[in-house]
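Student: Residue numbers (this note's numbering): 26 to 415. Below are the structure tokens for one structure; questions will follow.
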């Protein structure tokens, strides 16, 4: 079986052509297509599968919960939601005592922007150039790349955008009219750009001084991806709001907003909601994911393997006229090229059966499962080196 031709690409990395094979099975960091060819997956489904594909603990939890209770209205308490909230509370700073559960990162950012408005009664949003926070209307307004926004310019009022690292611009942008400042600790979609911790700490100070809320988007960096449970935790930051998704449930759709008491106290029943948010099946998947991350010490493993991967890439690609920079943190890595990355991604997959992602037009991005091993890292480095050398 092969996939039919698809004429228009809507967010994927490749436009499938007639005769292209479909992916039908996964295990760990491997994917198999319907012709039986095995591929090394460096994407983990855009980072949503930190345990890899079909991890036994996650599969067992989903099967067991599906046999008990799949869906339940938020009007009722359920044991799995209680377990998840307790698990999140145990991993986060004590001031994050309140949570809203939804289905995706974009939904989490939408909710957080609304909650910030309710808590501050202000309208201004400040975000960073190169930042990406989603494609729905509120999240889109805080996403920098005009390509995502220009089609909807008539209905989207963009945030005030500041250059990452521009402390003076930040000082001008965050005012007594600002509701919220939001940022990723590592800007993923635009090219895997780790931000200066001092700049983020200054943003937090300005928010405190001027009554704005400080929001950290950990949708891509959370749950071990960057080599710690949450990327902001080691930087001396204490955000009022934090958004979570992607790796939280091992690939099962879920999102969350963690919030301080100041934010939670401003919320009233009915002002926001989610039909599927906090359902028992997705909560069971999330609980199993968090337990497995802890049991296998995968955040620490991500740091160790990420350091090894980064060093190996830098060594293999040293001196390449095609490569501008190799950067990243944990298992969130990017190779910035001097040319468009799409043809190299295509060759990497077709010639070497290695699947990677773009980040912006020129960056080859890797978000492998946190269970990746040394042999797989070596194979990935060699394949990337061969493709970029030729």
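A virtual CB, placed ideally from N, CA and C, is assigned to each residue, including glycine.
(1) Given this structure, state the Cα-to-Cα distance separating residue 246 from residue 123, to the nearest angstrom.
(2) What whole-angstrom Cβ distance do residue 190 and residue 384 have, given they're in contact under 8 Å?
(3) For residue 133, count the other beta carbons within 10 Å of its own beta carbon; 16 or more makes it buried, fewer makes it exposed. Which is it?
(4) Taking the Cβ atom as the reference point for each residue, do residue 76 and residue 394 lie within a distance shorter than 8 Å?
(5) In whole angstroms, what separates the C-alpha of residue 237 from that of residue 262?
(6) I'd like to know whether the C-beta atoms of residue 136 and residue 121 end up nearer to each other than 8 Å.
(7) Expressed to the nearest angstrom, what Euclidean distance is found between the alpha-carbon atoms of residue 183 and residue 175?
(8) Let me know the secondary structure DSSP gives residue 308 once reduced to three states.
(9) Can you pull the DSSP bridge partners for residue 66?
(10) Rounded to whole angstroms, what's the CA-CA distance from residue 413 to residue 347? Just pull it up for me.
(11) With DSSP as the reference, identify every bridge partner of residue 58, one or two as the case may be.
(12) Considering only DSSP beta bridges, list what residue 53 is partnered with.
(13) Based on Cα-Cα distance, which residue from 357, 288, 329 lies nearest to residue 240?
(14) Return helix, strand or coil for residue 402, following the three-state DSSP convention.
(15) So residue 145 is in the alpha helix (DSSP H); what residue range does that whole segment cover?
(16) Could you check what DSSP says for residue 412 in three-state terms: helix, strand or coil?
(17) If we ignore side chains and look at the alpha-carbon of each, how far apart do residue 142 and residue 367 end up?
(18) Out of curiosity, what's the CA-to-CA distance linking residue 231 and residue 153?
(19) How many angstroms separate the CA atom of residue 408 from the CA atom of residue 150?
(20) Quickly, what does DSSP pair residue 203 with across the bridge? List them, please.
(21) Got a sec? Which residues, its chain only, sit under 8 Å from residue 342 by beta carbon, not counting five neighbours each side?
(22) Cα separation between residue 13 and residue 83?
(23) Less than 8 Å separating the beta-carbons of residue 73 and residue 276?
(24) At the level of alpha carbons, what is the spacing between residue 217 and residue 338?
(25) Can you tell which of 69, 219, 205 has its C-alpha closest to the C-alpha of residue 256?
(26) Any idea what DSSP makes of residue 353, helix, strand or coil?
(27) Which one of 252, 269, 195 has the shortest CA to CA distance from residue 234?
(28) Under a three-way DSSP split, which group does residue 40 fall into?
(29) Does DSSP put residue 324 in a helix, a strand or coil?
(30) Does the count of Cβ pairs from the stretch 375-383 and the stretch 310-318 closer than 8 Å reach three?
(31) Report the CB separation of residue 290 from residue 268 in whole angstroms; it is logged as a contact under 8 Å.
(32) Kindly indicate which three-state DSSP category residue 219 falls into: helix, strand or coil?
(33) Which residues does DSSP list as the beta-bridge partners of residue 268?
(34) For residue 185, which of helix, strand or coil comes out of DSSP?
(35) Taking the alpha helix (DSSP H) that residue 105 belongs to, which residues open and close that run?
(36) Taking the beta strand (DSSP E) that residue 125 belongs to, which residues open and close that run?
Tutor: Taking the geometry as given:
(1) Residue 246 and residue 123 have their C-alpha atoms some 20 Å from each other.
(2) About 19 Å separates the two Cβ atoms, so there is no contact after all.
(3) For residue 133, the number of other beta carbons within 10 angstroms of its own is at least 16, and it is reported as buried.
(4) Contact: yes.
(5) It is roughly 15 Å from the alpha-carbon of residue 237 to the alpha-carbon of residue 262.
(6) With a cutoff of 8 Å on beta-carbon distance, residue 136 and residue 121 are scored as not near each other.
(7) Between the C-alpha atoms of residue 183 and residue 175 there is a straight-line separation of about 10 Å.
(8) Judged by DSSP in its simplified three-state form, residue 308 adopts helix.
(9) DSSP lists 380 as partners of residue 66.
(10) When rounded, the distance between both Cα atoms is 7 Å.
(11) Within the DSSP secondary-structure output, residue 58 pairs in a beta bridge with 48.
(12) DSSP lists 78 as the bridge partner or partners of residue 53.
(13) Relative to residue 240, the option among 357, 288, 329 whose CA is nearest is 288.
(14) Collapsing the DSSP output to three states places residue 402 in a helix.
(15) From DSSP, the alpha helix (DSSP H) with residue 145 extends over 130-145.
(16) Note: residue 412 maps to helix in three-state DSSP.
(17) C-alpha separation (whole angstroms): 39 Å.
(18) Cα to Cα, residue 231 sits roughly 15 Å from residue 153.
(19) Approximately 43 Å, taken between the alpha carbons.
(20) 149.
(21) So the qualifying residues of the chain are 348, 351, 360, 409, 410, 413.
(22) Lying outside 26 to 415, the shown extent of the chain, residue 13 is not represented and no answer is given.
(23) With contacts defined as CB atoms closer than 8 Å, residue 73 and residue 276 qualify as a contacting pair.
(24) Roughly 15 Å between the two C-alpha positions.
(25) Considering only 69, 219, 205, the residue with the shortest C-alpha distance to residue 256 is 219.
(26) For residue 353, the secondary structure class from DSSP, reduced to helix, strand or coil, is strand.
(27) When only C-alpha atoms are compared, the closest one is 195.
(28) For residue 40, the predicted structure reports a pLDDT of 47, less than 50, and the residue's modelled location is therefore unreliable. The matter cannot be settled from this model.
(29) In the three-state DSSP reduction, residue 324 falls in the helix class (H, G or I).
(30) Flag = no, the stretch 375-383 and the stretch 310-318 do not touch.
(31) At roughly 19 Å, the Cβ-Cβ gap does not stay under 8 Å, so residue 290 and residue 268 are not in contact.
(32) In the three-state DSSP reduction, residue 219 falls in the strand class (E or B).
(33) According to DSSP, which records beta bridges pairwise, residue 268 is partnered with 242, 282.
(34) Strand, per DSSP.
(35) Where residue 105 is concerned, the enclosing alpha helix (DSSP H) stretches over 104-116.
(36) Residue 125 -> beta strand (DSSP E) spans 123-127.
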